[in-house]
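What follows is a set of notes on a single structure, which appears directly below.
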Amino acid sequence: MLCCKNNHHQLIEIDSQDTPALHDTAELIKSISHLTVMLERVIYSAMNGMSKSLYHKDLLNIKSLLKELMALENPWLKQEMTTINQIIQVMNNMMNVQSIDDVCALHAKFRHEIQSVNQKYAAEATKLQLDGCHAILSNWIKAHDIKLEKTSVLIAITKGPRRDLIEKQYMEWMYQQHGIHDAETHGKIICFEMLAEHIGT
0 MLCCKNNHHQ
10 LIEIDSQDTP
20 ALHDTAELIK
30 SISHLTVMLE
40 RVIYSAMNGM
50 SKSLYHKDLL
60 NIKSLLKELM
70 ALENPWLKQE
80 MTTINQIIQV
90 MNNMMNVQSI
100 DDVCALHAKF
110 RHEIQSVNQK
120 YAAEATKLQL
130 DGCHAILSNW
140 IKAHDIKLEK
150 TSVLIAITKG
160 PRRDLIEKQY
170 MEWMYQQHGI
180 HDAETHGKII
190 CFEMLAEHIG
200 T
């Protein structure tokens with residue numbers, strides 16, 4: 000959201016755009032990553048004594064969520080069928096394990112294989128967000144003749160560490176490109192906490 004002060008020194012909205020983090024591809028990336036984490040947790044729980052009936056129920060829930068994803072018409076999703084099929088195969092194997100040793104072996108194999116996949120997804124999600132932010136802000140700077148030395152940025156965040164916040168790192172870089180260093184220290188970047196359900200609304 001882009002705001003400015005009117006003649007009465009009140010903030011008014013002059014433009015608003017969604018970042019790619021709210022778009023289909025980013026949501027799908029997060030969904031598949033979350034499903035891999037859910038599956039890993041189910042297998043881990045089975046290793047530690049969860050009953051077969053309970054983890055079968057959890058596996059069926061994950062399979063149902065996967066089917067919902069696969070029903071979507073999305074070009075990016077079609078490219079990820081190898082990963083989706085891999086998840087399905089692991090679930091099928093998990094349904095048929097005969098011993099704790101089998102579960103342990105499956106868990107170790109899945110964790111090893113899925114690590115690189117989730118690293119790739121994290122990089123893709125980061126690039127989507129940064130490219131989108133850059134396009135939006137570059138357009139605003141040009142369209143509204145924004146002077147960054149006279150501008151402050153508010154970043155809504157959930158409670159947690161701020162050092163690695165992608166949006167904060169990007170804004171620090173953007174200010175540096177305009178000769179402004181230590182932007183947060185000088186009050187140019189202000190992070191404030193909101194409840195997760197309120198961010199993006």
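Using numbering that gives the first Met the number 0, the letters of the sequence shown correspond one by one to residues 0 to 200. Backbone N, C-alpha and C fix where the C-beta goes; we use that ideal spot for every residue, glycine too. The structure presented is a predicted model; accordingly, all values stated were derived computationally and were not measured.
Assigned exposure category for Cys3 - 16 Cβ within 10 Å defines buried: Translated into positions along the sequence shown, residue 3 becomes position 4. Answer is exposed; the Cβ neighbour count stays below 16.
For Ala70, three-class secondary structure by DSSP: Counting from one through the sequence shown, the residue named residue 70 turns up at place 71. Of the three classes helix, strand and coil, the one that applies to Ala70 here is coil, per DSSP.
For Val152, three-class secondary structure by DSSP: Within the sequence shown, numbered from 1, the residue matching residue 152 stands at position 153. Looking at Val152 - three-state DSSP - the assignment turns out to be strand.
Start-to-end residues for the alpha helix (DSSP H) that takes in Glu123: As a first step, residue 123 is located in the sequence shown; it is residue number 124 there, counting from the start. Run containing Glu123: 99–142, per the alpha helix (DSSP H) assignment.
Whole-angstrom distance between Leu153 and Thr24, CA atom to CA atom: Residue 24 sits at position 25 when you count from the first residue of the sequence shown. Residue 153 sits at position 154 when you count from the first residue of the sequence shown. Roughly 25 Å between the two C-alpha positions.
Extent of the continuous alpha helix (DSSP H) to which Leu27 belongs: Here residue 27 refers to the residue found at position 28 when the sequence shown is read from its first residue. Here the alpha helix (DSSP H) through Leu27 covers 23–46.
Backbone CA spacing between Ile73 and Gln16 [nearest angstrom]: Along the sequence shown, one-based indexing puts residue 73 at 74. Along the sequence shown, one-based indexing puts residue 16 at 17. What sits at residue 73 in the sequence shown is Asn, not Ile. The alpha-carbon atoms of Asn73 and Gln16 are separated by roughly 22 Å.
Supposed close pair Ile179, Lys187 - CB separation, criterion 8 Å: As a working mapping, residue 179 is identified with position 180 in the sequence shown. As a working mapping, residue 187 is identified with position 188 in the sequence shown. About 6 Å separates the two Cβ atoms, so the contact holds.
Between the CA atoms of Leu34 and His100 - distance to the nearest angstrom: On the sequence shown, position 101 is the one that residue 100 refers to. On the sequence shown, position 35 is the one that residue 34 refers to. Looking at the sequence itself, residue 100 is Asp, so the reference to His does not match. Taking the straight line from one Cα to the other gives about 23 Å.
Contact under 7 Å by Cβ, Ser32 with Tyr120: On the sequence shown, residue 32 is found 33 positions in, with the first residue counted as 1. On the sequence shown, residue 120 is found 121 positions in, with the first residue counted as 1. It is a contact, given that the beta carbons lie within the stated cut-off.
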